[in-house]
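Numbering (the numbering used here), first residue to last: 140 to 443.
Have a look at the structure below, then the notes.
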């Protein structure tokens, strides 16, 4: 239960925001720890779903990332490669967990299950195969966002699958994802949208998502604008965007109220018109289909 949303913008940057709400059973709370985790100075991971397990996997990912940075500091990590590290870590954990649950009690491993498959009772082998295929880890979705030598990129990891979102220009995960995506689609966001417009609509997307279950009001943010250049967005800038958003919302509500009053007055004028009408059977057209009783032939047939 959360929302994480990020978008690519011009000239070559990535902006992202998330809430902090955590849900454990029927308990919701807001910890101090952000769901936006720095993987390198250019790449972040934005976590939704099982936070504890996701952080465990990210520890494995960052260990591999840091090891290469130590030995090859000029070999910049690609956003795609970091996402693929996550995928590998996820699939390895899935293998270990499923093996522990279904193979270990029988004294088997996945390798021995395959090699000794013909020795097993066919019914047991079939059931174990089905259980292994159906086994899954807790739900986790992660946005990998940042800058590499080819520019800004967005990847979404959902379980053991990874998708590139560069062409779309934005990504969102969590229970509030659909609300956030709707805001960005409605605003017409593309990867070439300017920074100021993108920042506003990312904030608006996060605020829209707050109506979804489990999405909190606290907001964390980041911006990556060059290799080795990323940071949180300053509080004074967020406050400026917040003020603008609230002003727009207030104006929108006022315009909505005024429009509703005009529509009400127009409809009331119709309702307050003549109260006596003549009932008439609808005209039967060719094909045995009843029309709506509207005839524009000089209005002759409409007056009965």
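Virtual Cβ for every residue (Gly too), placed ideally from N, Cα, C.
Just so we're clear, the structure is a prediction, and the values are computed from it rather than from any experiment.
Quiz prompt | residue 346 - DSSP class collapsed to helix/strand/coil | solution = The residue you call residue 346 lines up with position 207 of the chain shown. Helix at residue 346.
Quiz item: Can at least three beta-carbon pairs, one atom from the stretch 187-200 and one from the stretch 265-283, be found at a separation below 8 Å?
Solution: Touching, per the Cβ criterion.
Quiz item: According to DSSP, is residue 339 helix, strand or coil?
Solution: Locating residue 339 in the chain shown gives position 200, where the first residue counts as 1. Residue 339 falls in the helix class under three-state DSSP.
Quiz item: Is residue 441 buried or exposed, if buried means 16 or more other CB atoms sit within 10 Å of its CB?
Solution: In the chain shown, counting from the first residue as 1, residue 441 sits at position 302. Because residue 441 sits at a pLDDT of 44, beneath the cut-off of 50, its placement in the model cannot be relied upon, and the point is left open.
Exercise. For the beta strand (DSSP E) holding residue 225, just list the boundary residues, first then last.
Key: Locating residue 225 in the chain shown gives position 86, where the first residue counts as 1. Not the beta strand (DSSP E): residue 225 falls in the alpha helix (DSSP H), residues 218-237.
Quiz prompt | Rounded straight-line distance, which links the Cα of residue 179 to that of residue 202 | solution = To locate residue 202, count along the chain shown from 1; it is residue 63. To locate residue 179, count along the chain shown from 1; it is residue 40. Their backbone Cα atoms lie some 11 Å apart in a straight line.
Quiz item: Is the Cβ-Cβ distance between residue 273 and residue 264 less than 7 Å?
Solution: Counting from one through the chain shown, the residue named residue 273 turns up at place 134. Counting from one through the chain shown, the residue named residue 264 turns up at place 125. In this structure, residue 264 does not lie closer than 7 Å to residue 273 by Cβ.
Exercise. Tell me whether residue 439 sits in a helix, a strand or coil according to DSSP, three-state version.
Key: Locating residue 439 in the chain shown gives position 300, where the first residue counts as 1. Because the pLDDT of residue 439 is 47, which lies under 50, any placement of that residue in the model is unreliable, and the question is left without a value.
Quiz item: Can you name, in chain order, every residue of its own chain whose Cβ lies under 7 Å from the Cβ of residue 328, other than the five neighbours on each side?
Solution: On the chain shown, position 189 is the one that residue 328 refers to. The answer, listed in chain order, is 146, 308, 309, 337, 340.
Practice problem: Quick one: grab the DSSP three-state call for residue 153. | Solution: Numbered from its first residue, the chain shown carries residue 153 at position 14. Strand.
Practice problem: Give the secondary structure of residue 215 by DSSP, where H, G and I count as helix, E and B as strand, and everything else as coil. | Solution: Against the chain shown, residue 215 aligns to sequence position 76. In the three-state reduction of the DSSP assignment, residue 215 falls in the coil class, being assigned neither a helical nor a strand state.
Quiz item: When you compare only the Cα positions, how much space is there between residue 313 and residue 287?
Solution: Taking the first residue of the chain shown as position 1, residue 313 is located at position 174. Taking the first residue of the chain shown as position 1, residue 287 is located at position 148. In a straight line, the C-alpha of residue 313 is about 25 Å away from that of residue 287.
Quiz item: Are there three or more Cβ pairs, one per stretch, closer than 8 Å when the stretch 374-389 is compared with the stretch 218-230?
Solution: no
Practice problem: Within the same chain, show all residues whose beta-carbon is closer than 8 Å to that of residue 376, passing over the 5 residues directly before and after it, in chain order. | Solution: Taking the first residue of the chain shown as 1, we reach residue 376 at position 237. Hits under 8 Å: 338.
Exercise. Taking residue 294 as the reference, give the member of 197, 217, 385 with the closest Cα.
Key: Residue mapping note: residue 294 aligns to position 155 of the chain shown, counting from 1. Nearest of 197, 217, 385 to residue 294, Cα basis: 217.
Exercise. List the whole-angstrom C-beta distance separating residue 345 from residue 319, where the pair is believed to meet the contact cut-off of C-beta under 8 Å.
Key: Stepping through the chain shown from its first residue, residue 345 is reached at position 206. Stepping through the chain shown from its first residue, residue 319 is reached at position 180. Cβ atoms of residue 345 and residue 319 come within 8 Å of each other, at about 6 Å.
Exercise. For residue 154, I'd like the list of residues in its chain whose CB is within less than 7 Å of its CB, leaving aside the five on either flank, ordered along the chain.
Key: Your numbering for residue 154 matches position 15 in the chain shown. Closer than 7 Å at the Cβ level, and outside the excluded window around residue 154, lie 145, 146, 148, 337, 338, 341, 362.
Quiz item: Per DSSP, which one or two residues make a beta bridge with residue 292?
Solution: Sequence index remark: in the chain shown, residue 292 carries index 153 (1-based). DSSP lists 285 as partners of residue 292.
Quiz item: Once you ignore the five residues that flank residue 152 on each side, which residues in its own chain have a CB closer than 7 Å to its CB?
Solution: Position 13 of the chain shown holds residue 152. Taken in chain order, the residues that qualify are 291, 334, 362, 363, 364.
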